[in-house]
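Read the structure below first, then the notes.
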Amino acid sequence: MNNHCLSFKNFFMYYFLLSMLFVNLAFAQERMKPEETEVWEPEPRLVFPGVLNSPPSDAEILFDGTNFSKWRHESTKGEVQWTLNPDKTMTVKPRMGSIETINEHGSIQLHLEWKSPTILKGEGQGRGNSGIIFQRRYEVQILDSYNNRTYSNGQASAIYKQHIPLVNAVRPTGEWQIYDIVFNEPQFDTDGKMTKPGNFTVFLNGVLVQNNVELLGTTEYIGKPKTGRDEMPGSNKSTPSHRSLLLQDHGDLVSYRNIWMRKL
Ligand code: MG
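Residue numbering for the sequence shown follows my numbering, beginning at 4 and increasing consecutively.
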C-alpha cells in the first residue's frame, strides 16, 4: 500500500469521526430539556410602577414640588435661590446660580420634566437654555429646540458637543417635556485614568434620542472632552469635584417638576 492510499483512507476515517460527532451533538441538543435553559436566580425584586409619570416604589425623590431639601446652591453650597411655584414646580431664577443635589450619585436612571419659558427671548443657545449635568461633568442639554435651530450637538437632548440626538422629539414651547435617562458612570483606575467610558441612553417624551452612546469625557463648551477622574468641565478649578447632579442656570426661565432617580 502506498502513502497516497493511506492518506486517502485516513481522510475517510476523519470524515466519518467528524460526522459522528456532529450527529451526536445534534442528538444532545435534542435530548436537552426546556428546563435546562431556564434561569431562575436571581429573581427580579418586585417594584410597583408609578401611575403615569409618578415615581415607582424604589425611586429616590429629588424634587416633588414641595421643597428644595435635596438641593443646594452649586457654588456657595447655601440655600437654593430658585423660585418654588404653587403648582409644585420650580423655575430658574436667572443669574442666581445653578443648583446641585447635596448627595453624589453613581450610575442612575433619572426621570425629570422640564418646560421652556413661553415668552420667546433669544435664539439658538440663548433660548430656554438649561441642562442636566450628571456628576457635574456630563451634560444632557435642555434647550427650547422647537423652531429654534442651533448646532445639532447642542440642541435639546444632545449630549452636549458629543452626541447629536437621533431625532428632535421636543414638544412646542411652553409644554412640559419628559426626560427618562440612563446614565452609566465611567470607570477609572487608582491613578484616575479612565478604564471604561460612561454612557447615556435618553428618551425625550417617550422617543429614543440617545441609544447607549459612549461618553468621550467631560462635556466642554470650549475644547475637547477631558477624561481623567478628577477633571471638571471648564476652567473653574476652585469648584470641588463633588459628583452630584446639577441643574444649570443659563439665564433663562426654565421650569422643572417631578424629578426622581433610581440607583443602578
Ligand atoms: Mg445648557
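Glycine is no exception: its CB is placed at the ideal position from the N, C-alpha and C atoms. Computed from a prediction, not measured in an experiment: that's the story for all the values here.
By the neighbour-count definition (other C-beta atoms within 10 Å, threshold 16), Val170 is an exposed residue. For Thr198, the secondary structure class from DSSP, reduced to helix, strand or coil, is strand. Each of Ser119, Thr104, Pro120 was checked against the Cα of Leu113, and the nearest Cα belongs to Thr104. One Cα belongs to Val143, the other to Pro47, and the distance between them is close to 30 Å. Closest by C-alpha distance to Met99, out of Asp252, Arg265, Met264, Leu267, is Asp252.
With the criterion CB distance below 7 Å from any heavy atom of ligand 1, the matching residues run Asn132, Ser133, Gly134, Glu142, Gln144, Ile145, Leu146, Tyr163, Gln251, His253 along the chain. One Cα belongs to Asp194, the other to Thr230, and the distance between them is close to 12 Å.
CA-to-CA, the gap between Gln190 and Asn13 works out to about 54 Å.
When only Cα atoms are considered, Ile184 and Gly134 end up about 13 Å apart.
DSSP places Thr40 in the helix class (H, G or I) of the three-state scheme. Within the stretch 61-106, the runs of beta strand (DSSP E) that reach at least 3 residues and sit entirely inside it are, in chain order, 63-66, 74-76.
The DSSP-derived three-state label of Ser155 is helix. Assigned with DSSP and collapsed to three states, Asn215 falls in strand. Nearest neighbour of Asn150 by Cα position, chosen from Phe206, Ile162, Gln165, Ser119, turns out to be Ser119. Counting C-beta pairs closer than 8 Å gives three or more between the stretch 211-220 and the stretch 155-162, which meets the contact rule.
Between Ile136 and Trp263, the CB-CB gap reaches or exceeds 7 Å. Cβ contact annotation for His166 (same chain, cutoff 8 Å, sequence separation greater than five): Asn156, Phe203, Gln213, Val216, in chain order. Close CB contacts of Glu188 within its chain, under the 6 Å cut and outside five residues either way in sequence, are with Gly109, Ser110, Gly201 (chain order). Annotated as distal: Leu219 and Tyr141, with beta-carbon spacing of 7 Å or more.
Scanning its chain for C-beta atoms nearer than 7 Å, with the 5 sequence neighbours on each side dropped, one finds around Asp61 the residues Val50, Arg265, in chain order. A direct Cα-to-Cα measurement between Lys91 and Lys196 gives close to 42 Å. For Arg34, the three-state secondary structure derived from DSSP is helix. The Cβ atoms of Gly127 and Asp255 do not sit closer than 7 Å to each other. Inclusion of Phe71 and Val54 in the CB contact set at 7 Å is not warranted, their separation being larger than that value. According to the DSSP secondary-structure assignment, Gly127 is paired through a beta bridge with no residue.
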